[in-house]
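Protein chains in written order, with the numbering used here: chain A, 7 to 398; chain B, 7 to 398.
C-beta atoms are modelled at their ideal positions from N, C-alpha and C, and glycine is treated no differently.
Structure record follows, encoded as structure tokens.
There are 2 protein chains.
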Amino acid sequence: MSITSFNPPVRTLMGPGPSDVHPRITSAMARPTIGHLDPMFVGMMDEVKQMLQYAFKTENKLTIPVSAPGSAGMETCFVNLVEPGDKVIVCQNGVFGGRMKENVERCGGVPVMVEDDWGKPVDPARLEEALKANPDAKVVAFVHAETSTGAQSDAKTLCELAHKHDCLTIVDAVTSLGGSELRVDDWGIDAIYSGTQKCLSCTPGISPVSFNDRAIEVIKNRKTKVQSWFLDTNLVMGYWGPNAKRAYHHTAPVNAMYALHESLVMLQEEGLENSWQRHMDNHMALRAGIEAMGLKFIVDEAHRLPQLNSVTIPDGVDEAAVRSRLLNEFNLEIGAGLGALAGKVWRIGLMGHSSRAENILLCLSTLEAVLSEMGADINKGVALAAAQSALK
Amino acid sequence: MSITSFNPPVRTLMGPGPSDVHPRITSAMARPTIGHLDPMFVGMMDEVKQMLQYAFKTENKLTIPVSAPGSAGMETCFVNLVEPGDKVIVCQNGVFGGRMKENVERCGGVPVMVEDDWGKPVDPARLEEALKANPDAKVVAFVHAETSTGAQSDAKTLCELAHKHDCLTIVDAVTSLGGSELRVDDWGIDAIYSGTQKCLSCTPGISPVSFNDRAIEVIKNRKTKVQSWFLDTNLVMGYWGPNAKRAYHHTAPVNAMYALHESLVMLQEEGLENSWQRHMDNHMALRAGIEAMGLKFIVDEAHRLPQLNSVTIPDGVDEAAVRSRLLNEFNLEIGAGLGALAGKVWRIGLMGHSSRAENILLCLSTLEAVLSEMGADINKGVALAAAQSALK
Numbered sequence: 007m008s009i010t011s012f013n014p015p016v017r018t019l020m021g022p023g024p025s026d027v028h029p030r031i032t033s034a035m036a037r038p039t040i041g042h043l044d045p046m047f048v049g050m051m052d053e054v055k056q057m058l059q060y061a062f063k064t065e066n067k068l069t070i071p072v073s074a075p076g077s078a079g080m081e082t083c084f085v086n087l088v089e090p091g092d093k094v095i096v097c098q099n100g101v102f103g104g105r106m107k108e109n110v111e112r113c114g115g116v117p118v119m120v121e122d123d124w125g126k127p128v129d130p131a132r133l134e135e136a137l138k139a140n141p142d143a144k145v146v147a148f149v150h151a152e153t154s155t156g157a158q159s160d161a162k163t164l165c166e167l168a169h170k171h172d173c174l175t176i177v178d179a180v181t182s183l184g185g186s187e188l189r190v191d192d193w194g195i196d197a198i199y200s201g202t203q204k205c206l207s208c209t210p211g212i213s214p215v216s217f218n219d220r221a222i223e224v225i226k227n228r229k230t231k232v233q234s235w236f237l238d239t240n241l242v243m244g245y246w247g248p249n250a251k252r253a254y255h256h257t258a259p260v261n262a263m264y265a266l267h268e269s270l271v272m273l274q275e276e277g278l279e280n281s282w283q284r285h286m287d288n289h290m291a292l293r294a295g296i297e298a299m300g301l302k303f304i305v306d307e308a309h310r311l312p313q314l315n316s317v318t319i320p321d322g323v324d325e326a327a328v329r330s331r332l333l334n335e336f337n338l339e340i341g342a343g344l345g346a347l348a349g350k351v352w353r354i355g356l357m358g359h360s361s362r363a364e365n366i367l368l369c370l371s372t373l374e375a376v377l378s379e380m381g382a383d384i385n386k387g388v389a390l391a392a393a394q395s396a397l398k
Numbered sequence: 007m008s009i010t011s012f013n014p015p016v017r018t019l020m021g022p023g024p025s026d027v028h029p030r031i032t033s034a035m036a037r038p039t040i041g042h043l044d045p046m047f048v049g050m051m052d053e054v055k056q057m058l059q060y061a062f063k064t065e066n067k068l069t070i071p072v073s074a075p076g077s078a079g080m081e082t083c084f085v086n087l088v089e090p091g092d093k094v095i096v097c098q099n100g101v102f103g104g105r106m107k108e109n110v111e112r113c114g115g116v117p118v119m120v121e122d123d124w125g126k127p128v129d130p131a132r133l134e135e136a137l138k139a140n141p142d143a144k145v146v147a148f149v150h151a152e153t154s155t156g157a158q159s160d161a162k163t164l165c166e167l168a169h170k171h172d173c174l175t176i177v178d179a180v181t182s183l184g185g186s187e188l189r190v191d192d193w194g195i196d197a198i199y200s201g202t203q204k205c206l207s208c209t210p211g212i213s214p215v216s217f218n219d220r221a222i223e224v225i226k227n228r229k230t231k232v233q234s235w236f237l238d239t240n241l242v243m244g245y246w247g248p249n250a251k252r253a254y255h256h257t258a259p260v261n262a263m264y265a266l267h268e269s270l271v272m273l274q275e276e277g278l279e280n281s282w283q284r285h286m287d288n289h290m291a292l293r294a295g296i297e298a299m300g301l302k303f304i305v306d307e308a309h310r311l312p313q314l315n316s317v318t319i320p321d322g323v324d325e326a327a328v329r330s331r332l333l334n335e336f337n338l339e340i341g342a343g344l345g346a347l348a349g350k351v352w353r354i355g356l357m358g359h360s361s362r363a364e365n366i367l368l369c370l371s372t373l374e375a376v377l378s379e380m381g382a383d384i385n386k387g388v389a390l391a392a393a394q395s396a397l398k
């Protein structure tokens with residue numbers, strides 16, 4: 007065996023995540039490792055929590071980064087709030103609603119599914135029906151921004167309905183945090199999780215979560231222990247909590263926290279609302295180019311996520327071959343469809359640092375070049391001008 | 007709010023982990039992020055798995071890095087192998103045996119505790135008694151290298167006993183991997199987990215695990231689903247597995263994997279057995295200095311881990327004040343006692359890149375300086391010469 011150092015190619019990341027990571031963030035990650043109980047690290051942790059509150063628009067004291075990817079953040083919400091026998095209404099309109107169902111079942115809970123078509127938002131009327139039919143439901147779970155389709159649901163309305171029927175809410179904000187409007191306190195979200203590798207443009211591996219006092223009260227009054235030791239918020243709070251003794255729970259991924267800290271400093275420098283606006287502006291430019299080329303969005307305009315663009319594939323085109331060529335010839339990554347949309351769409355991400363004018367022009371020009379060479383039926387020579395005019 | 011970039015101090019890390027991280031590893035971590043399904047990343051994953059097999063001395067195909075810290079590696083072993091009602095014999099001789107018990111209980115299993123004094127190895131005779139008294143036990147779990155005490159147990163003998171009584175073994179090798187003799191296949195370890203931040207000297211956050219075919223067979227024949235979606239090896243293998251389609255499971259912590267890859271390249275360059283020997287040689291030098299000073303080791307020589315040195319505190323000395331002074335005046339971190347040993351010992355780590363001659367002399371000289379100033383009853387002016395002579 008003689009394996010040598012790995013030097014990755016330099017890609018432009020316009021898939022469903024990870025997104026392009028700004029060099030400030032990778033540089034921060036490479037700073038010298040210090041101990042996870044070092045007073046300097048503990049001080050940095052407090053800043054991370056404070057900046058996560060800013061990003062989530064919440065005053066929740068239990069706002070922390072879980073030391074593992076978004077899937078573990080999802081699991082943190084479910085294992086802490088769902089006990090055996092608990093009924094959970096899960097709204098599914100894509101891949102991640104299905105994962106929520108898996109989580110409920112593995113906690114011994116009883117999922118009640120409210121299904122909507124992939125690419126559509128969650129329908130509040132159907133949720134209300136389910137709430138009426140299940141007066142014993144304890145939790146409503148839904149995905150704010152479905153990464154698998156690019157559809158955005160009306161989190162505020164869904165939370166209002168859930169609360170009207172005395173349910174807690176668990177919200178997946180993996181793809182929305184930092185990229186589009188999200189107001190944890192104003193909308194009454196009880197538990198929420200996200201990821202670092204989407205609109206925060208940080209390296210993947212950490213999952214910010216937040217629980218309000220109502221959710222904490224439910225956790226404190228559990229009849230059973232949380233089934234995961236690693237994700238038990240009662241234990242994690244001994245390390246991360248507001249008045250915690252900083253007791254050892256697990257060894258925090260120190261350098262990954264440096265990266266998250268830097269990404270949140272950058273978000274704060276730009277301003278959260280400015281970041282939301284940038285994601286929308288750049289989406290409008292990409293959209294102008296994509297539509298000029300003759301391709302279509304599968305999500306209707308009112309519910310479309312600006313940061314995750316699911317675009318139809320021209321008839322007769324081998325979509326995987328297109329993605330390979332973009333990657334191999336231009337170092338550009340765009341995403342495949344997932345689940346029910348596999349083979350039917352491309353997912354073009356404009357998240358965080360990937361949401362830039364130069365990325366839009368690169369994506370449109372390389373896509374047009376490759377599709378033209380493959381003989382696809384698209385409008386040529388018009389996409390760039392359309393995008394440029396929208397950028398102005 | 008105006009929080010600025012975090013610039014950590016430059017510490018020398020001689021606690022129980024994280025250990026000093028070589029700049030080659032932090033530099034690797036800062037390389038450009040690519041997609042977790044990028045063919046180049048998938049190729050790197052294969053190399054990581056191959057080098058982990060080398061480090062564990064195993065041919066196990068299911069040898070992978072879990073995308074979360076060592077505690078999650080522990081949980082991966084327990085949630086996959088333990089079903090409700092399963093009896094698990096847990097040998098406890100420190101903090102981490104207690105955490106194993108928590109894991110068994112949270113899986114619905116029935117722990118049978120075999121307790122030894124903290125600082126002693128697990129006693130094979132007591133394990134055998136427990137095995138005879140519990141013929142229905144399914145799993146034996148123990149810690150190879152107790153990070154909380156510095157005691158090393160005889161993993162080979164304990165595994166032989168477990169197998170004689172038809173039990174699977176789960177072994178904690180968080181602190182031993184790369185630092186002292188560990189032979190997964192030769193010793194018949196069925197499931198094992200470790201961490202990156204100890205003798206591999208990588209940044210914290212990832213947990214290498216390995217399962218042999220016997221363990222995989224047990225997992226395949228489970229009656230119930232694994233309670234954790236994130237840690238379910240059946241699902242993880244779709245992404246990491248030998249013939250996997252590299253199906254999306256979770257977004258891997260891409261840059262953390264670069265770091266792990268580089269740390270394993272460095273281990274391979276040094277040679278595993280050479281690394282074990284280096285840890286022993288440097289322990290002997292530290293020991294010579296510590297004993298010359300008049301301090302004592304709490305673990306007897308035959309069972310002492312070279313990489314984790316639990317050392318007694320001189321009478322009347324405020325141990326926390328000593329650690330603070332070492333950190334604040336010399337940027338040197340040593341560890342406090344944990345659990346039953348809190349306040350009774352310091353834990354001095356010589357792990358991975360921290361296991362170097364210069365660190366030994368720094369630790370001895372600063373410790374002597376601080377203890378002398380605090381009026382502790384130690385032998386002065388002899389530790390450095392003793393260590394230097396042992397280094398030769």
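Under 7 Å by beta carbon: chain A residues contacting residue i
i: B:A197; result: Going along chain A, no residue has its Cβ under 7 Å from B:A197, so there is no contact; the nearest lies around 17 Å.
Beta carbon of residue i nearer than 8 Å to that of residue j
i: A:M57; j: A:L188; result: no
i: A:C173; j: A:L137; result: yes
i: B:E53; j: A:I9; result: yes
i: A:I70; j: A:V242; result: yes
i: B:I354; j: B:V328; result: no
i: A:L133; j: A:V116; result: no
i: B:F12; j: A:H267; result: yes
i: A:A139; j: A:V96; result: no
i: B:P14; j: A:P38; result: yes
i: B:S361; j: A:W235; result: no
Any chain A beta carbon closer than 8 Å to residue i
i: B:G244; result: no
i: B:H256; result: yes
i: B:R112; result: yes
i: B:V27; result: yes
i: B:A78; result: yes
i: B:G201; result: yes
i: B:E339; result: yes
i: B:M119; result: no
8 Å Cβ cutoff, residue i in contact with chain B
i: A:K107; result: no
i: A:K93; result: no
i: A:G343; result: no
i: A:H150; result: no
i: A:M290; result: no
i: A:Q283; result: no
i: A:K398; result: no
Residues of its chain near residue i, where Cβ-Cβ distance is below 8 Å and the 5 sequence neighbours each way are ignored
i: A:M357; result: G23, S25, T181, G185, K204, C205, S207, H285, Q313, L314
i: B:K63; result: L188, R189, V190, D191, D192, L278
Same chain, Cβ closer than 7 Å to residue i, neighbours up to 5 away in sequence not counted
i: B:P75; result: G201, P210, G211, S213
i: A:F102; result: V149, E152, T153, S154, D178
i: B:L344; result: V101, S154
Interface residues of chain A facing residue i [CB-CB closer than 9 Å]
i: B:V271; result: I9, T10, S11, F12
i: B:P75; result: S73, A74, F236, H256, T257, A258, P259
Contact list for residue i against chain B, beta-carbon separation under 7 Å
i: A:V260; result: P24, T209, P210
i: A:P15; result: I40, M46
Chain B residues whose Cβ lies nearer than 8 Å to that of residue i
i: A:P320; result: Residues of chain B passing the Cβ test: none, with the nearest at roughly 23 Å.
i: A:A36; result: T32, S33, M35, A36
Chain A contact residues for residue i, given Cβ-Cβ distances below 8 Å
i: B:L19; result: T39, I40, G41
Min CB distance residue i to chain E below 8 Å
i: A:E223; result: Here chain E cannot be found, since the structure's protein chains are A and B.
Cβ neighbours of residue i in the same chain (closer than 6 Å, five flanking residues each side left out)
i: B:R17; result: N337, E339
Determine contact between the region 92 to 106 of chain B and the region 222 to 232 of chain B, defined as no fewer than three beta-carbon pairs at a distance below 8 Å. Verdict: no, contact absent.
Could you check whether the region 153 to 161 of chain A touches the region 122 to 140 of chain A, counting it as contact only if at least three pairs of C-beta atoms, one from each stretch, sit closer than 8 Å? Contact holds: three or more Cβ-Cβ distances are below 8 Å.
Decide yes or no for the touch test of the region 99 to 112 of chain A against the region 258 to 275 of chain A: beta carbon pairs closer than 8 Å, at least 3 of them. Output reads no: the region 258 to 275 of chain A does not touch the region 99 to 112 of chain A.
With a threshold of 8 Å, are at least 3 pairs of Cβ atoms found where one atom belongs to the region 319 to 328 of chain B and the other to the region 372 to 389 of chain A? Taking a contact to require three or more Cβ pairs closer than 8 Å, the region 319 to 328 of chain B and the region 372 to 389 of chain A do not qualify as touching.
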